[in-house]
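Everything on this sheet refers to the single structure shown next.
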Amino acid sequence: MSQPTIKRDPEGTRRRILEAATEQFTSLGLAGARVDAIASAAGTNERMLYYYFTSKEGLYVAVLEALYVEFANCESNLDLSGLKPSDAIRSLAESIWTHLQENPRWLSLINNENLHEGRYLQQSAKIRETLSPVVELIRTTLGRGAVAGEFRADVDALDFYVTLVGMGYYVVSNRFTLKMFTGRNYFERPARTAISNMHVDMLLSYLRPTSSAPASS
1 MSQPTIKRDP EGTRRRILEA ATEQFTSLGL AGARVDAIAS AAGTNERMLY YYFTSKEGLY
61 VAVLEALYVE FANCESNLDL SGLKPSDAIR SLAESIWTHL QENPRWLSLI NNENLHEGRY
121 LQQSAKIRET LSPVVELIRT TLGRGAVAGE FRADVDALDF YVTLVGMGYY VVSNRFTLKM
181 FTGRNYFERP ARTAISNMHV DMLLSYLRPT SSAPASS
């Protein structure tokens with residue numbers, strides 16, 4: 001009697017390992033995560049984990065890469081071309097901040113990697129590639145705004161992106177200490193909406209061209 005054919009699903013196995021590893025690294029960090037627990041949660045064995053990712057550190061880098069790609073794709077796939085430049089900046093900012101708010105495990109991993117001083121991200125050949133489309137989207141939008149006279153022409157797209165992300169990142173990554181320290185929960189919609197609107201106004205104010213009119217004597 002012939003043996004039943006075993007259906008292999010390498011991509012499915014790899015995806016399950018990444019998902020299980022994301023949960024482990026988010027809650028326990030690189031040091032606390034266990035390879036056997038990741039393999040068990042993924043429904044596979046340690047041998048397959050090492051086959052796909054070489055080591056626990058290699059798996060950790062792959063998890064970081066996957067989350068950076070997801071974050072970047074969310075923004076670079078936005079179609080802002082039909083919006084006024086100021087509306088495009090608002091839409092982009094709100095999209096980035098919403099993604100941060102809805103994906104706190106991404107922040108946990110980034111905070112953990114900062115404790116490692118970025119040395120595992122440094123091993124990735126893909127990380128900077130994920131950033132380029134988002135920065136180019138911002139550069140294009142800033143350029144449209146400059147041509148239309150809405151924005152100043154000397155804004156560095158990368159610096160602007162880092163500033164924009166930083167505004168949303170701080171509020172989310174420090175949400176618990178901010179609540180204890182200030183008594184305000186920035187994860188509740190009224191407070192979240194108010195501070196997001198403030199941040200957008202600050203960004204657009206910075207982008208406006210400075211007046212070229214001569215000062216009166």
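Just so we're aligned: 135 in full-length UniProt numbering is position 135 of the sequence shown, and the numbers increase by one with no gaps anywhere. Don't be surprised by glycine CBs; every beta carbon is placed ideally from N, CA and C.
{"Check": "Runs of alpha helix (DSSP H) wholly within the segment 185 to 210 (minimum 4 residues, chain order)", "Outcome": "189 to 207"}
{"Check": "Outcome for Q24 when other beta-carbon atoms lying within 10 angstroms are tallied against a minimum of 16", "Outcome": "buried"}
{"Check": "Reduced DSSP category for D87 - H, G, I as helix; E, B as strand; rest coil", "Outcome": "helix"}
{"Check": "Rounded straight-line distance, which links the Cα of V147 to that of L115", "Outcome": "42 Å"}
{"Check": "Exposed unless 16 or more other CB atoms sit within 10 angstroms - verdict on S196", "Outcome": "buried"}
{"Check": "First through last residue of the alpha helix (DSSP H) which encompasses V165", "Outcome": "A157 to S173"}
{"Check": "Host alpha helix (DSSP H) of T140 (start-end)", "Outcome": "I127 to V147"}
{"Check": "Three-state secondary structure (DSSP) of residue 283", "Outcome": "Here the chain has residues from 1 to 217 only, and residue 283 is not among them."}
{"Check": "Straight-line Cα distance separating F71 from V172", "Outcome": "15 Å"}
{"Check": "Neighbourhood of A66 by C-beta, 7 Å cutoff - its chain only, sequence neighbours within 5 removed", "Outcome": "L18"}
{"Check": "Straight-line gap, P85 to A194 (C-alpha atoms, nearest Å)", "Outcome": "22 Å"}
{"Check": "Short Cβ contact (9 Å threshold) for V165 with I96", "Outcome": "yes"}
{"Check": "Straight-line Cα distance separating G143 from G149", "Outcome": "10 Å"}
{"Check": "Every unbroken alpha helix (DSSP H) within the UniProt domain \"HTH tetR-type\" (11 to 71), with a cutoff of 4 residues, ordered by chain", "Outcome": "35 to 41 and 46 to 53"}
{"Check": "Nearest residue (CA-CA) to E11, options L30, T44, S40 and V35", "Outcome": "T44"}
{"Check": "Y186 Cβ short of 8 Å to the ligand MG heavy atom set", "Outcome": "For the structure depicted, the ligand MG is absent and the ligand set is empty, with no information on it obtainable."}
{"Check": "Distance between beta carbons of K56 and V35, contact taken as under 8 Å", "Outcome": "5 Å"}
{"Check": "Cβ distance (whole Å) where A93 is taken to contact V200 below 8 Å", "Outcome": "6 Å"}
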